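Visitor: Using the numbering used here, the letters of the sequence shown map in sequence onto residues 272 to 477. All residues carry an ideal CB built from backbone N, CA and C; glycine is no exception. On a predicted model such as this, the values are computed, not experimentally measured, just so you know. Here you go, one structure.
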Amino acid sequence: MKRIIIFIGMMACVLTVSAQDAVSAIRKHYTETQEMVKQYAEWEKEGEWTMPCPMYYEVNIKQNLPGTGYHKEWIRLYFYEKENEEWEADEPMLFRNIHFVTAKYNYAAREFYDEYLFDEKGNLEFIFVRNADIDDFKGGEYRFYFKDGKLIKVIVSVRNLETEKYEQKYTGAKVPADYESDYNNYLGSAEHYKELFKTIDAGTFH
């Protein structure tokens, strides 16, 4: 019995270290992606369309919604791009896959901001959300980390109304019951953006 308990403890430590390594790798990828986005912005500001030039699709939506009025969405879908080494006339010259999504939008006077990071195979790695509706409309942030399609880390922060700073409220490997609904909505948004990317990409020249 003692050996079983020791084995279980060792396995728990291995899984914890593995999750920590995965989170570190995701954070490194996220930092590199943010640097890429910043570089794109600098190129566009300076009018320098060098190689590689900025690569993303952009969608702007404006409409009136029942109950909340004027609604705006500004979505950017960044992508990986790889040459088709065995290209033939009836095939695309380039293969593209979703890389990073930024989405800014509003409902009434409340502003929202989402980010979705994917690996080169299109697997979701990370979700960052600044959501005005966390904790009685005080405002807050979510961070969800994924490995092999499974959630491995959750961080929830809430904005302190006095200091205007975000303070960590929860960190763990599972989504607390109070936030499950939001979490599922963001998973749905990640799939929505993947499909949006595929639809746009199918209609562009490769």
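Between the alpha carbons of A290 and I471, how many angstroms are there, rounded?
Guide: In the sequence shown, residue 290 corresponds to position 19, counting from 1. In the sequence shown, residue 471 corresponds to position 200, counting from 1. Each residue's Cα considered, the two are about 34 Å apart.
Visitor: When you compare only the Cα positions, how much space is there between E391 and Y328?
Guide: Residue 391 sits at position 120 when you count from the first residue of the sequence shown. Residue 328 sits at position 57 when you count from the first residue of the sequence shown. About 17 Å.
Visitor: Which residue marks the beginning of the alpha helix (DSSP H) containing A473, and which one marks its end?
Guide: As a first step, residue 473 must be located in the sequence shown, where it is residue number 202. Looking at the DSSP string, the run of the alpha helix (DSSP H) that includes A473 is E451 to A473.
Visitor: When DSSP builds the beta bridges, which residues end up paired with H342?
Guide: The residue labelled residue 342 in the question sits at position 71 within the sequence shown. H342 has Q334 as its beta-bridge partners, per DSSP.
Visitor: Examine the Cβ distances between the stretch 371 to 388 and the stretch 458 to 465 and report whether three or more of them are shorter than 8 Å.
Guide: Three or more beta-carbon pairs drawn from the stretch 371 to 388 and the stretch 458 to 465 are found closer than 8 Å, and the two stretches are therefore classed as touching.
Visitor: When the Cα of K353 is compared with those of N368, W345 and I426, which residue comes out closest?
Guide: Along the sequence shown, read from residue 1 onward, the residue named residue 353 stands at position 82. Looking at the Cα atoms, N368 is the closest of the given residues.
Visitor: Assign V308 to one of three DSSP states: helix, strand, or coil.
Guide: On the sequence shown, residue 308 is found 37 positions in, with the first residue counted as 1. Here V308 sits in helix by DSSP.
Visitor: Mapping DSSP to helix, strand and coil, what is Y444?
Guide: Taking the first residue of the sequence shown as 1, we reach residue 444 at position 173. It is Ala, not Tyr, that sits at residue 444 in the sequence shown. Coil at A444, not helix or strand.
Visitor: Go ahead and pull the three-state DSSP assignment for D266.
Guide: Past the edges of the chain, shown from 272 to 477, lies residue 266, and the structure says nothing about it.
Visitor: Out of Y437, E438 and N455, state which residue places its alpha-carbon closest to the alpha-carbon of K445.
Guide: Position 174 of the sequence shown, counting from 1, holds the residue named residue 445. Among Y437, E438 and N455, the Cα nearest to that of K445 is on N455.
Visitor: Is the beta carbon of K343 sitting closer than 8 Å to the one on Y378?
Guide: Along the sequence shown, read from residue 1 onward, the residue named residue 343 stands at position 72. Along the sequence shown, read from residue 1 onward, the residue named residue 378 stands at position 107. Here K343 is not near Y378, since their CB atoms are 8 Å or more apart.
Visitor: Can you check the stretch 352 to 435 for any beta strand (DSSP E) of at least 3 residues that lies completely inside it and give the ranges in chain order?
Guide: 365 to 378, 381 to 389, 395 to 402, 411 to 418 and 421 to 430, all fully within the stretch 352 to 435.
Visitor: For E329, which beta-bridge partners are listed by DSSP?
Guide: Numbered from 1 along the sequence shown, position 58 holds the residue referred to as residue 329. According to DSSP, which records beta bridges pairwise, E329 is partnered with R347.
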